[in-house]
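**Q** First the structure, then my questions, so here it is.
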Amino acid sequence: MATVRHQKLGLVVGPIFVLAALLFGGPNTIARFDYAGAPRVEAIVLVADYDHTARGTIARIITVAAPDPVPVDDLRSAPRDLVPGTTVTVLTRPGHALLPSQLRWSVLAVPALALLAGLVITWVGVEALRDDPPSGPTDPEAWF
Numbered sequence: 044m045a046t047v048r049h050q051k052l053g054l055v056v057g058p059i060f061v062l063a064a065l066l067f068g069g070p071n072t073i074a075r076f077d078y079a080g081a082p083r084v085e086a087i088v089l090v091a092d093y094d095h096t097a098r099g100t101i102a103r104i105i106t107v108a109a110p111d112p113v114p115v116d117d118l119r120s121a122p123r124d125l126v127p128g129t130t131v132t133v134l135t136r137p138g139h140a141l142l143p144s145q146l147r148w149s150v151l152a153v154p155a156l157a158l159l160a161g162l163v164i165t166w167v168g169v170e171a172l173r174d175d176p177p178s179g180p181t182d183p184e185a186w187f
C-alpha cells in the first residue's frame with residue numbers, strides 16, 4: 044500500500060502548512076482586531092520614504108498627521124505611491140495609524156487556502172494512519 048504510506052506524510056506536511064498560514068496571515072489578522080473600532084480620520088502625509096530596489100519599492104517610513112504625527116503600521120502592505128502633502132484616510136489608535144487599503148480581504152486569501160489545505164492534509168494523514176497502523180514501535184519502516 045504505497046499510497047497509504049505516502050498519505051501518512053500528511054501528519055508532517057499538514058501542520059507545516061498550518062504553521063505557514065498562521066505566520067503569513069497572523070499579522071493582518073491581528074491588525075484587523077487592533078483597528079476593528081478605530082475611527083477613520085483624514086490625515087496629511089508628512090514623511091513617505093521608500094527604498095527602490097531591483098525587486099521593487101519598499102516603504103521605509105511613512106508618517107501621517109492625524110492630527111498628531113503618527114507612524115503607519117505594517118509597512119510591507121503600505122501603498123508605494125504616497126508623497127508628502129497628500130491627504131489620505133487612515134484608521135487611528137493612540138500612537139499608530141493604518142490605511143484602510145492595508146486591511147483588504149485579498150491579503151488573507153493565500154493564508155486561508157494554506158490553512159484549509161493543511162487541515163485537509165493532516166486529516167488525510169490521520170485517516171491513513173488509522174487505516175494502516177504501524178506494525179510495531181521498533182520498526183521505523185512501518186511509518187512510511
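Quick note, this note's numbering runs 43 ahead of the 1-based positions in the sequence shown. Beta carbons: idealized from backbone N, C-alpha and C, even for Gly.
#1: Measure the C-alpha to C-alpha separation of Val-88 and Leu-142 and round it to an integer number of angstroms.
#2: Excluding the five sequence neighbours on either side, which residues of its own chain have a C-beta within less than 7 Å of the C-beta of Ala-56, listed in chain order?
#3: How long is the line joining the alpha carbons of Leu-156 and Leu-66, rounded to whole angstroms?
#4: What would DSSP say about Leu-99, mapped onto helix, strand or coil?
#5: Using alpha carbons as the reference points, say which of Ala-63, Gly-99, Ala-109 lies closest to Val-84.
#6: Can you list, in chain order, the residues of its chain whose CB lies under 7 Å from that of Ala-91, leaving out five sequence neighbours each side?
#7: How would you call Pro-112, buried or exposed, if buried means at least 16 neighbouring beta carbons within 10 angstroms?
#8: Does Thr-135 come out as helix, strand or coil in the three-state DSSP assignment?
#9: Helix, strand or coil: which one does DSSP assign to Val-126?
#10: Grouping DSSP H, G and I as helix and E and B as strand, with all else coil, what is Asp-92?
#11: Measuring only the C-alpha atoms, how far is Ala-121 from Val-153?
#12: Do you know how far the Cα of His-139 is from the Cα of Pro-82?
#13: I need the boundaries of the beta strand (DSSP E) containing Pro-176, first residue and last residue.
#14: Excluding the 5 residues flanking Arg-103 on each side, which residues of the same chain have their C-beta closer than 6 Å to its C-beta?
**A** According to the data block:
#1: Position 45 of the sequence shown, counted from the first residue, corresponds to residue 88. Position 99 of the sequence shown, counted from the first residue, corresponds to residue 142. Take the alpha-carbon of Val-88 and the one of Leu-142: they are about 11 Å apart.
#2: As a working note, residue 56 is residue 13 in the sequence shown. Ala is not the amino acid found at residue 56; the sequence shown has Val there. The residues Ile-164, in chain order, have a CB closer than 7 Å to that of Val-56 in the same chain once the five nearest residues on each side in sequence are set aside.
#3: What you label residue 156 is simply residue 113 of the sequence shown in a count that begins at 1. What you label residue 66 is simply residue 23 of the sequence shown in a count that begins at 1. Whole-angstrom Cα-Cα distance: 13 Å.
#4: What you label residue 99 is simply residue 56 of the sequence shown in a count that begins at 1. A small correction: the amino acid at residue 99 is Gly; Leu does not occupy that position in the sequence shown. Secondary structure of Gly-99 (DSSP, three-state): strand.
#5: The residue labelled residue 84 in the question sits at position 41 within the sequence shown. With distances taken between Cα atoms, Val-84 lies closest to Ala-109.
#6: Counting from one through the sequence shown, the residue named residue 91 turns up at place 48. Cβ neighbours of Ala-91 within its own chain (closer than 7 Å, five residues either side excluded): Ile-105, Leu-125, Val-126, Pro-127.
#7: On the sequence shown, residue 112 is found 69 positions in, with the first residue counted as 1. Pro-112 should be labelled exposed.
#8: Residue 135 sits at position 92 when you count from the first residue of the sequence shown. DSSP places Thr-135 within a strand segment (E or B) once states are collapsed to three.
#9: Position 83 of the sequence shown, counted from the first residue, corresponds to residue 126. Coil, per DSSP.
#10: Within the sequence shown, the letter at position 49 stands for residue 92. DSSP places Asp-92 in strand when its eight states are reduced to three.
#11: Here residue 121 refers to the residue found at position 78 of the sequence shown. Here residue 153 refers to the residue found at position 110 of the sequence shown. Straight-line measurement puts the Cα of Val-153 at about 18 Å from the Cα of Ala-121.
#12: In the sequence shown, residue 82 corresponds to position 39, counting from 1. In the sequence shown, residue 139 corresponds to position 96, counting from 1. The straight-line gap from Cα to Cα measures roughly 12 Å.
#13: Here residue 176 corresponds to residue number 133 of the sequence shown, with the count starting at 1. Pro-176 -> no beta strand (DSSP E), and no H or E assigned at all.
#14: For the purposes of this step, residue 103 is taken as residue 60 along the sequence shown, with counting starting at 1. Counting only residues of its own chain and dropping the five nearest sequence neighbours on each side, Arg-103 has a CB closer than 6 Å to the CB of Asp-92, Asp-94.
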